[in-house]
Structure formats: structure tokens, C-alpha cells
Amino acid sequence: MLRRPRVLLVEDQLDLRDLIGNALADHGVDVVLAEDGRCAEELIRLHGDFDVVFSDIEMPNGVSGIELAETVARYLPQAQVILASGYARSQLPPLPEGVTFLSKPYRLKQLMALFNAVTRAEGGRNAPGTDPFVSTPDSA
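Per full-length UniProt numbering: the sequence shown ends with 140, consecutive numbering throughout.
What follows is the structure, given as C-alpha cells:
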């Protein structure tokens with residue numbers, strides 16, 4: 001039996017964290033939530049079997065999404081990293097190698113398609129036809 005994809009969602013805005021977390025869970029994803037980069041780093045060290053880490057680039061409490069991506073590369077080299085920002089990519093510092101960038105604002109459908117793409121690139125943990133990130137017509 002195949003396991004569900006495991007995602008660490010790092011978002012400092014509670015409403016957005018809950019919305020994205022619930023949407024991912026509704027699509028069959030095992031979601032672990034973190035409110036900032038420091039909390040995420042601790043979760044990685046303690047419970048590090050994540051397939052995807054999704055974080056905002058600008059985070060409170062001293063650990064940015066870029067710094068978090070470097071921690072992921074060190075502790076979870078197999079994990080895919082998606083970083084989101086409302087700034088244009090040209091306005092940001094260079095992103096670590098292998099990081100996928102998502103521009104804000106984004107639609108939930110875009111996020112699901114991106115999760116689908118990065119998990120497929122990772123080697124496809126899902127059986128054919130059982131992709132938990134495929135949007136249904138009523139998801140937006």
C-alpha cells in the first residue's frame with residue numbers, strides 16, 4: 001500500500017495556513033503545520049520524513065523561507081521545496097538550487113498543480129490514477 005504524501009506547510013498567517021492545510025488534507029495529503037521557520041526547522045529535525053516543504057519566503061522570528069530551504073537540503077535532501085512570495089522573483093535573493101517558486105497571489109488550483117508536478121518529479125510516490133493533488137471540478 002502506498003503512503004500518502006507528507007507535506008510541511010509553513011505559513012505565519014493563521015487563516016491562510018488553515019485554508020491551505022485543509023485543502024491539502026481534503027486531497028489526501030498528510031499535512032503538518034508550522035507557524036514560522038523556527039518551528040518548521042524543529043519539526044524537520046524531530047519528524048523529518050516530509051516529501052514537500054511549502055513555505056512563504058518572508059517569515060517572522062528570524063528564519064526566512066530561503067534559510068528553511070537550506071535546512072531542508074541539509075536534513076531532507078529527497079524533499080521538494082516550494083517557496084512563495086508576493087515579490088517578483090527578480091526582487092528576491094537567489095533561491096537555493098532545486099527550489100520551486102510560486103508567485104503570490106495564487107489560486108488553490110495552481111498550488112495543487114504545482115504540488116502534483118513536484119511530487120511527480122520526485123519519482124512518483126503515487127499509484128497511476130491515484131494522484132491526491134489532482135483538483136476536482138469544485139475545488140478552486
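Just so it is clear, CB atoms sit at the ideal spot from N, CA and C, and this is done for glycine as well.
Of the residues the options, the one placed nearest residue i, counting alpha carbons only
{"i": "R107", "options": "L92, A84, R89", "result": "A84"}
{"i": "V81", "options": "D15, A117, N61", "result": "A117"}
{"i": "R120", "options": "L16, A79, Y75", "result": "A79"}
{"i": "K104", "options": "Y75, I57, E70, P77", "result": "I57"}
Extent of the continuous beta strand (DSSP E) run through residue i
{"i": "I44", "result": "Looking at the DSSP string, I44 is not in any beta strand (DSSP E); the run it does join, the alpha helix (DSSP H), is 37-47."}
{"i": "R6", "result": "6-10"}
{"i": "A84", "result": "80-85"}
{"i": "F50", "result": "Here F50 belongs to no beta strand (DSSP E), and DSSP marks it neither H nor E."}
{"i": "V29", "result": "From DSSP, V29 is part of no beta strand (DSSP E); its letter is neither H nor E."}
{"i": "S103", "result": "100-103"}
Status (buried if at least 16 other CB within 10 Å, exposed otherwise) for residue i
{"i": "G65", "result": "buried"}
{"i": "L19", "result": "exposed"}
{"i": "S55", "result": "buried"}
{"i": "L68", "result": "buried"}
{"i": "L111", "result": "buried"}
{"i": "P5", "result": "buried"}
CB contact flag (residue i, residue j, <8 Å)
{"i": "F115", "j": "V52", "result": "yes"}
{"i": "residue 218", "j": "R38", "result": "One cannot answer for residue 218 here, as it falls past the ends of the chain, which runs 1 to 140."}
{"i": "D12", "j": "E35", "result": "yes"}
{"i": "F50", "j": "L24", "result": "no"}
{"i": "M59", "j": "V10", "result": "yes"}
{"i": "I44", "j": "V63", "result": "no"}
{"i": "Y75", "j": "G48", "result": "yes"}
Span of the alpha helix (DSSP H) around residue i
{"i": "A25", "result": "14-26"}
{"i": "V72", "result": "65-75"}
Test: residue i CB closer than 8 Å to a CB of chain B
{"i": "S103", "result": "Of the protein chains in the structure, only one exists, and it is not chain B."}
Quiz item: At a cut of 8 Å, does the segment 27-47 reach the segment 89-107 through at least three beta carbon pairs?
Solution: no
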